[in-house]
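The listed protein sequences correspond, in order, to chains A and B. For the first sequence, counting from 1, position 4 maps to 4 in my numbering; every step adds exactly one. For the second sequence, counting from 1, position 105 maps to 105 in my numbering; every step adds exactly one. For reference, the structure is listed below as structure tokens.
Number of protein chains: 2
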Amino acid sequence: MPVTIIGTRLNNRPNFLTVGWVTRANINPPMIAIAINKANASADGILMHKAFSVNFPGTDLIEETDYCGLVSGKEKDKSRIFDIFYGELKNAPMIKSCPITLECQLTETIDLPTNYLFIGEIKGAYGDENCFTEGKPDVTEINPLLLTMPDNSYWQVGEFLGRACKIGRSLKA
Amino acid sequence: MPVTIIGTRLNNRPNFLTVGWVTRANINPPMIAIAINKANASADGILMHKAFSVNFPGTDLIEETDYCGLVSGKEKDKSRIFDIFYGELKNAPMIKSCPITLECQLTETIDLPTNYLFIGEIKGAYGDENCFTEGKPDVTEINPLLLTMPDNSYWQVGEFLGRACKIGRSLKA
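Below, the structure is given as structure tokens:
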């Protein structure tokens, strides 16, 4: 799974939670879905302010990223770990040092037994210009973190294997 | 994003669609969410039978995987690409050659503008015993496919970087 840091506002300050349960959800308008344990402080922040950010850390932020998953915003003030910025939404703090960040407006909350699945419309997307090649995000420059469970391991993205929507054409005949 | 092949039944035969919009959604009971364009034949299969499978192909299946994303089940019979098996659910065909497979019962359908977000409870999970280390799925043995968009590229999982819920402890002090 990809590793993201979800930004919210809580008790009048920014809060950050590491989340691997993330997927795109709708093409047009662009939407993203994230699943968060109901016990997490970030769930309260999203329910209250109807907004959140999705930040993709590079491997250089592995310690800060892991820390944001270890420590609850209910117990520790996580607002000073990162330099932050805001886009259009006042309650979606974004992390300056993350190469790709998204600000999202909550559109739907799915109340599952132990988790909330929050669906947000992507209202703004920001990227470090060094992480783009020919106008597209370049994963070799972003160098994002991957996570596997239950072995609790972080991984790098490895070798390029082929072009999607192309390599399978040989079987089309 | 991870690359999965979603298995459904359609017109009384198995059908397979490549999907990268996948995330775990709930801890207990275990649930998974997948987002599928409403125009895809697989969406009809899931709505009709309330079941689907999630198959994680290894890099050796890159051509077959790409093919299942290129060609519609409305036009081509994709039922013979893979050897299949069934678990508990009659309408969730699983792929024998995939190292990890899940069979899911549809529990909720979120009707978004262009996509359905299907939430399924994982009723059974199957794995190649060679892909486990100390009882846990081992990503270096599974060797799954990763996908980036919009540059349409497949990638391998790369180097191990550190232990989650551990490497960030140094910042806790």
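Using N, Cα and C, we set each Cβ at its ideal position, and we do this for glycine too.
Using a CB distance below 9 angstroms, the part of the stretch 52-72 of chain B facing chain A consists of Thr-59, Ile-62, Glu-63, Glu-64, Thr-65, Asp-66, Tyr-67, Cys-68, Gly-69, Leu-70 and Val-71, ordered along the chain.
At a Cβ-Cβ threshold of 8 angstroms, A:Met-31 and A:Thr-107 count as neighbours. Here A:Lys-78 is buried: its Cβ has 16 or more other Cβ atoms, across all protein chains shown, within 10 Å. Here B:Glu-121 has Pro-29, Met-31, Gln-105 and Thr-107 as same chain residues with Cβ atoms under 6 angstroms from its own Cβ, once five neighbours each way along the sequence are excluded.
About 3 angstroms separates the beta carbons of B:Gly-158 and A:Gly-158, which is inside the 8 angstroms limit, making them a contact pair. In this structure B:Gly-73 touches B:Ser-42 by the C-beta definition: roughly 7 angstroms separates them, less than 8 angstroms. With at least 16 other beta carbons inside 10 angstroms of its own, A:Thr-65 counts as buried. By the CB criterion at 8 angstroms, A:Ile-5 and A:Ile-95 fall inside the cutoff. Sequence-distant partners of A:Gly-124 (beyond 5 residues in either direction) whose C-beta falls short of 8 angstroms from its own C-beta, in its chain, are Gly-87, Glu-88, Leu-89, Leu-102 and Glu-103. One alpha carbon belongs to B:Ser-53, the other to B:Asn-91, and they sit about 8 angstroms apart.
Looking only at A:Thr-114, A:Asn-143 and A:Arg-24, the smallest Cα-Cα distance to A:Ala-39 is reached by A:Thr-114. A Cβ-Cβ separation of about 5 angstroms places B:Ala-25 in contact with A:Ala-35 under the 8 angstroms criterion. Of the candidates A:Asp-151, A:Asn-143, A:Leu-171 and A:Thr-148, the residue whose Cα lies closest to the Cα of A:Phe-160 is A:Asn-143. In the structure shown, the three-state DSSP call for B:Thr-114 is coil. In the same chain as B:Ile-110, and ignoring 5 residues on each side of it, the C-beta atoms closer than 6 angstroms to its own belong to Leu-117, in chain order. Taking the CA atoms as reference points, A:Thr-148 sits about 17 angstroms from A:Leu-17. A direct Cα-to-Cα measurement between B:Asn-130 and B:Ile-167 gives close to 28 angstroms. Within the stretch 146-165 of chain B, contact with chain A at the beta-carbon level (separation under 7 angstroms) is assigned to Leu-146, Leu-147, Thr-148, Pro-150, Asp-151, Asn-152, Ser-153, Tyr-154, Trp-155, Gln-156, Val-157, Gly-158, Glu-159, Phe-160, Leu-161, Gly-162, Arg-163, Ala-164 and Cys-165. When C-beta distances to chain A are compared with 8 angstroms, every residue of the stretch 83-98 of chain B stays at or above that value. Using a CB distance cut-off of 8 angstroms, A:Lys-78 does not count as an interface residue toward chain B.
A residue is called buried once 16 or more other Cβ atoms fall within 10 Å of its Cβ, and B:Gly-20 is buried on that count. In the three-state reduction of the DSSP assignment, B:Leu-146 falls in the strand class. Under the DSSP assignment, B:Glu-63 falls in the alpha helix (DSSP H) whose first and last residues are 62-70. According to the DSSP assignment, B:Ala-43 belongs to the alpha helix (DSSP H) that extends over 41-49.
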